[in-house]
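K.L.:
Here's a structure for you.
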Amino acid sequence: MTQRLLTPFSAIGRRGTALAAGIGRWGILAGRAAAAFPQTNIWGRVLVQQLSRIGVDSVPIALFIATFTGIVLSLQASYTFTGAVPLYFVGVLVGKTMMLELGPVLTGLVLSGRVGASIAAELGTMRVTEQVDALETMAYPPAAYLVLPRVLAGVIMFPLVTALAIAMGIAAGWLTALRLLDLSTPEFVSGLTLFFRPFDVTFAFIKATSFGLAVTLIGCYFGLYTRGGAAGVGRNTTRAVVASCMVILALDAFWAVVLL
15 MTQRLLTPFS
25 AIGRRGTALA
35 AGIGRWGILA
45 GRAAAAFPQT
55 NIWGRVLVQQ
65 LSRIGVDSVP
75 IALFIATFTG
85 IVLSLQASYT
95 FTGAVPLYFV
105 GVLVGKTMML
115 ELGPVLTGLV
125 LSGRVGASIA
135 AELGTMRVTE
145 QVDALETMAY
155 PPAAYLVLPR
165 VLAGVIMFPL
175 VTALAIAMGI
185 AAGWLTALRL
195 LDLSTPEFVS
205 GLTLFFRPFD
215 VTFAFIKATS
225 FGLAVTLIGC
235 YFGLYTRGGA
245 AGVGRNTTRA
255 VVASCMVILA
265 LDAFWAVVLL
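Counting from 1, position 248 in the sequence shown corresponds to residue 262 in our numbering; the numbering is continuous, with no gaps.
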């Protein structure tokens, strides 16, 4: 009877221990990647390739999401403000929301699925097929050759992709207001600049940079610690995406509390 009562607590303890061990391994991996920064002869060769795969190849999906986000924001703002506040506040809502929240967060969530899953699957496949072990025997440290270029590419490209997404979302909102809401360009621009602060852009870039760091590090962690063959690759790829989304939302709340 006592053993049955203690079973839930033992399960919680095992999961807590596994979580703490995972966080510890993730921290060790991040430390090794940071320590490998001076080895430019290793990670420098593949950095440009990762910049293209993580950043340039992600632009179409990010712009697609941002376009329809801007359209919906403009239409919903018009519906909400009708008869209550001047219609030029559509520009306020579209600009502020895209810069402070939806631009960075939606882009981060989309890229966590595309970039995080890709990294985890690629490195997981390399791990289970012993390609990572082969790299180590050839004196190519995994942290320098596999982890660091992906992390640097994420930190560099996530803010750039986010900036394009914000610009596209605002442009889509402007065109929607112009064509469907009978709002003139000067009115939309007046609302857009009414409460604009330069820190809004800085805030978006800070969030996007932290998202890029988190998504790439989490993808690398789950990829390199894959076990169990093809099934393990699929399992850890899913875990990488879920963990990345959770961390992005947690960082979103953290930066809002700290900086706003």
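Every residue, glycine too, gets a C-beta built ideally from N, C-alpha and C.
Report yes or no: do the region 241 to 251 and the region 146 to 164 share at least 3 C-beta pairs separated by less than 8 angstroms?
P.N.:
The answer is no - the region 146 to 164 does not touch the region 241 to 251, with fewer than three Cβ pairs under 8 angstroms.
K.L.:
Would the region 211 to 225 count as touching the region 119 to 133 if we require 3 or more Cβ pairs under 8 angstroms?
P.N.:
Result yes; three or more Cβ-Cβ pairs closer than 8 angstroms.
K.L.:
Hey, would you say Phe-210 sits closer than 8 angstroms to Gly-84, going by beta carbons?
P.N.:
To locate residue 210, count along the sequence shown from 1; it is residue 196. To locate residue 84, count along the sequence shown from 1; it is residue 70. Cβ atoms of Phe-210 and Gly-84: not closer than 8 angstroms.
K.L.:
Taking just the CA atoms, how far does Ala-179 sit from Val-86?
P.N.:
Here residue 86 corresponds to residue number 72 of the sequence shown, with the count starting at 1. Here residue 179 corresponds to residue number 165 of the sequence shown, with the count starting at 1. Each residue's Cα considered, the two are about 15 angstroms apart.
K.L.:
Are Leu-273 and Ile-220 close, meaning C-beta to C-beta below 8 angstroms?
P.N.:
To locate residue 273, count along the sequence shown from 1; it is residue 259. To locate residue 220, count along the sequence shown from 1; it is residue 206. Against a cut-off of 8 angstroms, the Cβ pair of Ile-220 and Leu-273 comes out as a contact.
K.L.:
Let me check understanding here. Comparing Cα to Cα, which of Leu-166, Thr-31, Phe-78 and Tyr-159 lies closest to Ala-181?
P.N.:
Along the sequence shown, one-based indexing puts residue 181 at 167. Checking every option, the nearest Cα to that of Ala-181 belongs to Phe-78.
K.L.:
Express the C-alpha separation of Leu-263 and Val-271 in angstroms, rounding to a whole number.
P.N.:
Residue 271 sits at position 257 when you count from the first residue of the sequence shown. Residue 263 sits at position 249 when you count from the first residue of the sequence shown. In a straight line, the C-alpha of Val-271 is about 13 angstroms away from that of Leu-263.
K.L.:
Are the beta-carbon atoms of Thr-230 and Ile-133 separated by less than 8 angstroms?
P.N.:
The residue labelled residue 230 in the question sits at position 216 within the sequence shown. The residue labelled residue 133 in the question sits at position 119 within the sequence shown. For Thr-230 and Ile-133, yes; Cβs fall inside 8 angstroms.
K.L.:
With distances taken from CA atoms, which of Ala-267, Leu-89, Ser-258 and Trp-40 is nearest Gly-187?
P.N.:
Taking the first residue of the sequence shown as position 1, residue 187 is located at position 173. When each option's Cα is compared against that of Gly-187, the closest is Leu-89.
K.L.:
Using the C-alpha atoms, what's the distance from Thr-111 back to Phe-232?
P.N.:
Along the sequence shown, read from residue 1 onward, the residue named residue 232 stands at position 218. Along the sequence shown, read from residue 1 onward, the residue named residue 111 stands at position 97. Looking at the sequence shown, residue 232 is not Phe but Ile. So the two alpha carbons sit approximately 27 angstroms from each other.
K.L.:
Note down, in chain order, each residue of its chain lying with its Cβ closer than 8 angstroms to the Cβ of Trp-269, except the 5 sequence neighbours on either side.
P.N.:
As a first step, residue 269 must be located in the sequence shown, where it is residue number 255. Same-chain partners within the cutoff: Phe-217, Ile-220, Lys-221 and Ser-224.
K.L.:
What do you reckon, are the CB atoms on Gly-105 and Gly-205 nearer than 8 angstroms?
P.N.:
In the sequence shown, the residue the question calls residue 105 occupies position 91. In the sequence shown, the residue the question calls residue 205 occupies position 191. The answer is yes: Cβ separation under 8 angstroms.
K.L.:
Does the count of Cβ pairs from the region 155 to 168 and the region 37 to 51 closer than 8 angstroms reach three?
P.N.:
Contact holds: three or more Cβ-Cβ distances are below 8 angstroms.
K.L.:
Closest to Asn-55 by CA distance: which of Gly-36, Tyr-102, Trp-40 and Pro-163 is it?
P.N.:
As a first step, residue 55 must be located in the sequence shown, where it is residue number 41. Comparing Cα positions, the closest option is Pro-163.
K.L.:
Whole angstroms is fine: what's the gap from Asp-71's alpha carbon to Leu-195's?
P.N.:
What you label residue 71 is simply residue 57 of the sequence shown in a count that begins at 1. What you label residue 195 is simply residue 181 of the sequence shown in a count that begins at 1. In a straight line, the C-alpha of Asp-71 is about 34 angstroms away from that of Leu-195.
K.L.:
In whole angstroms, give me the CA-to-CA distance for Thr-240 and Glu-201.
P.N.:
Position 226 of the sequence shown, counted from the start, is the residue given in the question as residue 240. Position 187 of the sequence shown, counted from the start, is the residue given in the question as residue 201. So the two alpha carbons sit approximately 54 angstroms from each other.
K.L.:
My output table needs one value for Gln-6: the three-state DSSP class, helix, strand or coil.
P.N.:
Nothing can be reported for residue 6, as the shown portion of the chain is limited to 15 through 274.
K.L.:
Could you check which residue in Leu-208, Thr-139 and Thr-121 has the C-alpha nearest to that of Ser-258?
P.N.:
Within the sequence shown, numbered from 1, the residue matching residue 258 stands at position 244. Measuring from the Cα of Ser-258, the nearest candidate turns out to be Thr-121.
K.L.:
For a quick check, are the C-beta atoms of Ala-131 and Ala-254 less than 8 angstroms apart?
P.N.:
Looking up residue 131 in the sequence shown gives position 117. Looking up residue 254 in the sequence shown gives position 240. Result yes, Cβ atoms of Ala-131 and Ala-254 sit closer than 8 angstroms.
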